[in-house]
Amino acid sequence: ANRVARWLLDQGVGPESRVGVFLERSTRAIVAILGVLKSGAAYVPLDPTYPEDRLRHMLQDSQAQVVLTQASLADRLGDLGAVSFCLDDRADELSRYADDNPHRNLSPENLAYIIYTSGSTGLPKGVAVPHRGLPNLIATILRDFAIEAESKVLEFASFSFDASVAEIFEGLLAGATIYVVDRDTAMSPEALAEYIRGNRITVATLPPAVLRLLPNDGLDHLKTLISAGETCPWEVAERWWNGRRFLNGYGPTEVTVGCNWQVVKERLPEAKTAPVGRSIHGARVFVLDARLRPVPVGAVGEVYVAGVGVARGYLNRPDLTAERFLPNPFADREGERMYRTGDLARVLANGSLEIVGRADFQVKVRGYRIELGEIESVLSHHPSVQEAAVKAWDSENGDKQLVAYVVPAEGAELDVDALRDFLKAELPDYMIPAAFVRLESMPLTPNRKIDRRALPKPEDVGVTLGEPFEEPRTPTEELLAELMASVLKVERVGARDDFFALGGHSLLATQLVSRIRDVFDVELPLRDLFANSTVRKLASLIDERKAEQVKLPKPPLEPAPRDGELPLSFAQQRLWFLDQLEPGNPFYNIPTALRLRGKLDVEALRGSIHDLVRRHEVLRTRFPDDGGKPRQEILDDLEVELPVVDLSGLSGERQEE
Numbered sequence: 057a058n059r060v061a062r063w064l065l066d067q068g069v070g071p072e073s074r075v076g077v078f079l080e081r082s083t084r085a086i087v088a089i090l091g092v093l094k095s096g097a098a099y100v101p102l103d104p105t106y107p108e109d110r111l112r113h114m115l116q117d118s119q120a121q122v123v124l125t126q127a128s129l130a131d132r133l134g135d136l137g138a139v140s141f142c143l144d145d146r147a148d149e150l151s152r153y154a155d156d157n158p159h160r161n162l163s164p165e166n167l168a169y170i171i172y173t174s175g176s177t178g179l180p181k182g183v184a185v186p187h188r189g190l191p192n193l194i195a196t197i198l199r200d201f202a203i204e205a206e207s208k209v210l211e212f213a214s215f216s217f218d219a220s221v222a223e224i225f226e227g228l229l230a231g232a233t234i235y236v237v238d239r240d241t242a243m244s245p246e247a248l249a250e251y252i253r254g255n256r257i258t259v260a261t262l263p264p265a266v267l268r269l270l271p272n273d274g275l276d277h278l279k280t281l282i283s284a285g286e287t288c289p290w291e292v293a294e295r296w297w298n299g300r301r302f303l304n305g306y307g308p309t310e311v312t313v314g315c316n317w318q319v320v321k322e323r324l325p326e327a328k329t330a331p332v333g334r335s336i337h338g339a340r341v342f343v344l345d346a347r348l349r350p351v352p353v354g355a356v357g358e359v360y361v362a363g364v365g366v367a368r369g370y371l372n373r374p375d376l377t378a379e380r381f382l383p384n385p386f387a388d389r390e391g392e393r394m395y396r397t398g399d400l401a402r403v404l405a406n407g408s409l410e411i412v413g414r415a416d417f418q419v420k421v422r423g424y425r426i427e428l429g430e431i432e433s434v435l436s437h438h439p440s441v442q443e444a445a446v447k448a449w450d451s452e453n454g455d456k457q458l459v460a461y462v463v464p465a466e467g468a469e470l471d472v473d474a475l476r477d478f479l480k481a482e483l484p485d486y487m488i489p490a491a492f493v494r495l496e497s498m499p500l501t502p503n504r505k506i507d508r509r510a511l512p513k514p515e516d517v518g519v520t521l522g523e524p525f526e527e528p529r530t531p532t533e534e535l536l537a538e539l540m541a542s543v544l545k546v547e548r549v550g551a552r553d554d555f556f557a558l559g560g561h562s563l564l565a566t567q568l569v570s571r572i573r574d575v576f577d578v579e580l581p582l583r584d585l586f587a588n589s590t591v592r593k594l595a596s597l598i599d600e601r602k603a604e605q606v607k608l609p610k611p612p613l614e615p616a617p618r619d620g621e622l623p624l625s626f627a628q629q630r631l632w633f634l635d636q637l638e639p640g641n642p643f644y645n646i647p648t649a650l651r652l653r654g655k656l657d658v659e660a661l662r663g664s665i666h667d668l669v670r671r672h673e674v675l676r677t678r679f680p681d682d683g684g685k686p687r688q689e690i691l692d693d694l695e696v697e698l699p700v701v702d703l704s705g706l707s708g709e710r711q712e713e
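Quick note, the numbering used here runs 56 ahead of the 1-based positions in the sequence shown.
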């Protein structure tokens, strides 16, 4: 990170400069972020899954001086006109720089990062966050979340979402170990649970939509679990609070990640969802009416947040900044501002805050904050669309589902696939509506605005943009249609029906892929479902894969020869390297003592240990070093010495010593 920082300094980067970070989720991305911050600049995370137009806007709007990337993504940056530096291809160049900390004169008001959130104009807006609030946030997290040097912290959130800021720096500043989960694993509840289990993760922050689906067996080591990103239903909290510290948190990007959280361990009868507690140290949270007056306990008002975490505002959007960042009428000092969140909440009798909804057209779907107006703006630019509205509905499985309502242009034919592809070119996957409903005209209020409350439920509308129902024809189609209907919780699914058009999303997709694996004994990557999302296409792919399995049976697993040169596994390499740094350090040894009662048969014990060593190769494996390159050497036999010390002649006290 220090070398990255020094390279950036050579490019003229400094305080208030912006540097893009266009990398897959990895430890390399964390190194890049640290390098940017050490240079004094602000980092701008760019998600590789975003469409080109969105990335282009973010680069142009942030005026990123340079973009740190990797070779596999560099070609995309060329199309966007950005100056890039590939951390993997140019490692030799970086190695020429000194690795000590560069000293920069920074103030708490200097910019730390810019994170882009959904915007109502059709373009994402950049939230400019200074350093000021970060030390307060992380210090409070370390205290309340009980994170220590021995902790294992899961880095789950995409770097383009501010939850990643907390995950990275709570781990680093505690001296803990950070585990960066890749996108495919993060998208699969089963794979994510196995990752948490296999790495014995102790601290994780996950949205309720993930916690609802994540298997919780064998996760006793997960001692601190934070629910954040959207309101947490009681049934999710109850599923996870036993045997661990379960916290429910709240905070928009505009207030530096979080401003409220609390431990949740029992239901409150007066709260419909798990509350988010009181404001943290350094933050002040108000629930106000339309005239900025505090509402009574139990009454619903809008949430405003003041304190050290309040962001500068929206980059290049002084109008929107003035609208959302207001003078704080309750401030102790002049010039303090508060952020108008748009969230509706009420203060409970015990002083805790319960989030109850939104005051505007912004919603949260599976933890993602979405401006419905942004989707409407893009959709309205399609030539066959005269007018569009988007609404979020609660589905039967408890998730929110985006539904687009479309009034067609005169004489236009509406094609749902064309509309969906049009949106995908501009918006991330999580902003694509699950269903499209055709209307002859929009319902209007008396003042001629769209009456969103009168927009019909998709199932109540006679004409829906979608394929006409067609019965499945083959046994695979029939069984697959049943699986889809079960996962989506719908009555029936036809051969031409699209999984995502019926309300499917990435988390439900992982469930379907898991069911397909169990029922058809076929392993399908998640990307295959995205590329073949109708019953007919997916059934055809399943049949192809099953035929390939018959033609090309998997070869039996054969043990590797033991007389050749055997390389170390990654885990063995790590421990070997640590042993080179501190030879003989017993940190990874596990000493134990057993008390046996009765007469000890020393020869039988010696023979048992010998049998144990003979049975398990790892107990008779050495790691010779050939010129700095370690290898495994498995001995055919190994005699383990068993020293015997007879203490029978000593007193009881001396024996215990």
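Heads up, the beta-carbon is just placed ideally off N, CA and C, and yes, glycines get one too.
- Cβ-Cβ distances below 8 Å link alanine 541 to Glu547, Arg548 and Val549 in the same chain, with the five nearest sequence neighbours on each side left out; the list follows chain order.
- Assignment of tyrosine 153 by DSSP, reduced to helix, strand and coil, places it in the coil class.
- Relative to isoleucine 224, the option among Leu190, Pro289 and Arg256 whose CA is nearest is Leu190.
- Looking at the backbone, the Cα of glutamate 80 and that of isoleucine 506 are separated by about 41 Å.
- Membership of methionine 487 in any beta strand (DSSP E) is not indicated, and neither H nor E is assigned to it by DSSP.
- For the 8 Å CB-CB criterion, lysine 480 and valine 419 do not form a contact.
- Serine 408 carries a coil assignment under DSSP once its states are collapsed to helix, strand and coil.
- In this structure, valine 236 sits near threonine 83, with a CB-CB distance shorter than 8 Å.
- Looking from the CA of tyrosine 169, the closest CA among Leu371, Pro484, Arg710 and Ile665 belongs to Leu371.
- Within the stretch 128-191, the complete alpha helix (DSSP H) runs of at least 4 residues fall at 147-151.
- Phenylalanine 342 has Tyr360 as its beta-bridge partners, per DSSP.
- Between the stretch 296-308 and the stretch 371-391 there are fewer than three C-beta pairs closer than 8 Å, too few to call the two in contact.
- About 6 Å separates the beta carbon of asparagine 255 from that of lysine 208, a gap short enough to meet the 8 Å contact definition.
- Using a C-beta cut-off of 8 Å, the stretch 93-102 makes no contact with the stretch 141-152, since fewer than three inter-stretch Cβ pairs fall below that distance.
- The beta carbon of arginine 529 sits closer than 7 Å to the beta carbons of Ala551 from its chain, once the five residues preceding and following it are set aside; these are given in chain order.
- A contact is defined here as three or more CB-CB pairs under 8 Å, and the stretch 401-416 meets this definition with respect to the stretch 305-324.
- Relative to isoleucine 86, the option among Thr125, Tyr106 and Asn641 whose CA is nearest is Thr125.
- Shown here, asparagine 304 sits in a strand according to DSSP, grouped into three states.
- Leucine 539 and alanine 565 do not touch by the CB rule: their CB atoms are close to 12 Å apart, not below 8 Å.
- The Cβ-Cβ distance between leucine 344 and valine 353 does not fall below 8 Å.
- Its Cα nearest to that of histidine 672, the residue Leu691 stands out among Glu659, Leu691 and Asp681.
- Pairing serine 216 with aspartate 681, the inter-Cα distance amounts to about 43 Å.
- Residue pairing from DSSP places lysine 447 in a beta bridge opposite Val459.
- When DSSP states are grouped into helix, strand and coil, phenylalanine 201 belongs to the coil group.
- Sorting Gly663, Ala367, Arg389 and Tyr395 by C-alpha distance to the C-alpha of isoleucine 171 places Ala367 at the top.
- In the DSSP annotation of this structure, the continuous segment of the alpha helix (DSSP H) that includes phenylalanine 225 starts and ends at 219-230.
- The residue among Pro699, Asn316, Ala649 and Pro639 with its C-alpha nearest the C-alpha of glutamate 659 is Pro699.
- The beta carbons of valine 320 and glycine 338 sit no closer together than 8 Å.
- Under the three-state reduction of DSSP, isoleucine 572 is assigned to helix.
- In terms of Cβ geometry, glycine 231 and alanine 249 do not form a close pair [threshold 8 Å].
- With a 10 Å radius around the Cβ and a threshold of 16 neighbouring Cβ atoms, serine 73 comes out buried.
- Counting C-beta pairs closer than 8 Å gives three or more between the stretch 103-112 and the stretch 480-492, which meets the contact rule.
- Under a 10 Å Cβ-count criterion, leucine 269 is classified as buried, with 16 or more other Cβ atoms of the shown protein chains found around its own Cβ.
- Between arginine 573 and valine 543, the C-beta spacing is not below 8 Å.
- Annotated three-state conformation of leucine 479 is helix, per DSSP.
- In the DSSP assignment, lysine 94 falls within the alpha helix (DSSP H) that extends over 83-94.
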